[in-house]
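See below for the structure under consideration.
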Amino acid sequence: MKITRSNNIYRYISEHRKYFFCVIVLYATAFALALFLPQAFTFFNAPLSEIGEKIAPLSNVDFAFYILYNNLSNSLMTIISGLFFGIVPLVNSFLNGAIFGYVSASTYNFTASFSRTFFSFAPHAIFELPATFLSLGLGFKFGFRFVRNYIEFYKNDSRMKIFGILLFLLSLIMVSYLFYLSNLRFISSFQLSFYSLLMFIPLFILFIFNPRIAKIQKKGFYNELRYAVVVFLTVILPLFVIGAIIEGIVFSMTRA
197 MKITRSNNIY RYISEHRKYF FCVIVLYATA FALALFLPQA FTFFNAPLSE IGEKIAPLSN
257 VDFAFYILYN NLSNSLMTII SGLFFGIVPL VNSFLNGAIF GYVSASTYNF TASFSRTFFS
317 FAPHAIFELP ATFLSLGLGF KFGFRFVRNY IEFYKNDSRM KIFGILLFLL SLIMVSYLFY
377 LSNLRFISSF QLSFYSLLMF IPLFILFIFN PRIAKIQKKG FYNELRYAVV VFLTVILPLF
437 VIGAIIEGIV FSMTRA
């Protein structure tokens with residue numbers, strides 16, 4: 197199927213909505229937890245303080261470009277890191293939702309006003325959230341296909357199927373813990389990447405380099421990559437640009 201019209205992109209997203217629904221539910225769950233139990237997420241204070249120090253001296257225009265660069269780079273990394281069996285996008289779904297919930301709770305505690313809190317985020321969030329969900333969903337689908345193909349191939353072999361599922365879940369738990377340690381600043385970004393890659397090695401051996409299913413895993417891979425590129429350029433990028441412009445305007449109003 198050629199990607200030549202916007203309805204093809206919409207059809208692609210609609211046909212694979214279960215992946216986008218999964219990351220949205222995970223994001224929303226984390227958002228609600230951090231919003232109503234902010235005391236459990238105070239470990240976000242360190243990274244948020246670092247971001248605050250970076251943006252404090254920025255002009256309104258520089259701030260908008262900073263937000264755009266940050267959103268686009270995170271979006272690209274989320275989609276690319278999805279190659280690692282969709283694990284990183286799942287972790288990022290929870291972390292991003294929790295951060296948004298924690299910041300929202302902190303803003304409400306500071307302003308004591310629901311309307312001020314809502315309008316601090318709503319104007320740009322209506323553009324940035326769909327772009328974020330698309331990035332997370334694309335990344336998740338991009339890599340989880342390897343897990344899905346493995347399970348389908350070994351559907352009649354309970355031992356191999358259960359072993360693969362358990363290995364995937366173990367890797368998901370370990371990588372989540374590494375991200376948690378990174379937010380606490382107990383490990384560096386380099387250490388996070390290095391240790392995470394070590395976690396993925398057994399999955400690569402079992403799911404991709406397994407000669408019995410190598411051909412199956414290659415099938416449709418480049419078509420998935422093509423869709424991801426097109427959705428990023430035609431949908432995600434414009435949404436983030438609009439969101440950054442609006443966020444820059446909101447930022448200038450808060451300084452006035």
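Just so we're aligned, residue 197 is where the sequence shown starts under this note's numbering, counting upward by one. We put the beta carbon where it would ideally sit given N, CA and C, even for glycine. Bear in mind the structure is a predicted one, so any value in this text is a computation, not a measurement.
Any idea if residue i is buried or exposed, counting beta-carbon neighbours within 10 angstroms, 16 or more meaning buried?
i	result
Gly416	exposed
Ile263	buried
Phe318	The sequence given here places Ala at residue 318; Phe does not occur at that position. The residue is exposed, with fewer than 16 neighbouring Cβ atoms inside 10 Å.
Asn352	exposed
Glu348	exposed
Glu443	buried
Asn305	exposed
Met197	A caution first: Met197 carries a pLDDT of 42, below 50, which makes its placement in the model unreliable, though a value can still be read off. The residue is exposed, with fewer than 16 neighbouring Cβ atoms inside 10 Å.
Asn292	buried
Ala242	exposed
Leu334	buried
Can you give me the start and stop residues for the alpha helix (DSSP H) that residue i sits inside?
i	result
Ala224	Arg213 to Phe232
Asn406	Run containing Asn406: none; DSSP gives neither H nor E here.
Leu279	Careful: Leu279 lies outside any alpha helix (DSSP H) and carries neither H nor E.
Arg163	The displayed coordinates of the chain run from 197 to 452. Any statement about residue 163 would go beyond what the structure contains.
Val431	Segment: none, Val431 is in no alpha helix (DSSP H) and carries neither H nor E.
Ile369	Ser354 to Asn379
Lys250	Asn241 to Ile251
Gln387	Ser385 to Leu399
Leu421	Phe417 to Val427
Determine, using beta carbons only, whether residue i and residue j come nearer to each other than 7 angstroms.
i	j	result
Leu402	Gly297	no
Leu374	Tyr391	yes
Ala327	Phe216	no
Leu365	Pro398	no
Leu332	Thr274	yes
Phe240	Ile295	yes
Gln465	Phe342	Given that the chain is displayed from residue 197 to residue 452, the structure contains no residue 465 and the question cannot be resolved.
Ile432	Ser289	no
Met395	Ser378	no
Leu279	Gly360	no
Phe329	Ile220	yes
Phe323	Ile438	yes
Exercise. Just checking, does the region 281-290 make contact with the region 352-371 on the three C-beta pairs under 8 angstroms criterion?
Worked result: yes
Problem set entry | Contact between the region 309-316 and the region 239-247 (3+ Cβ pairs under 8 angstroms) | no
Problem set entry | Three or more C-beta pairs below 8 angstroms linking the region 300-311 and the region 410-429 | no
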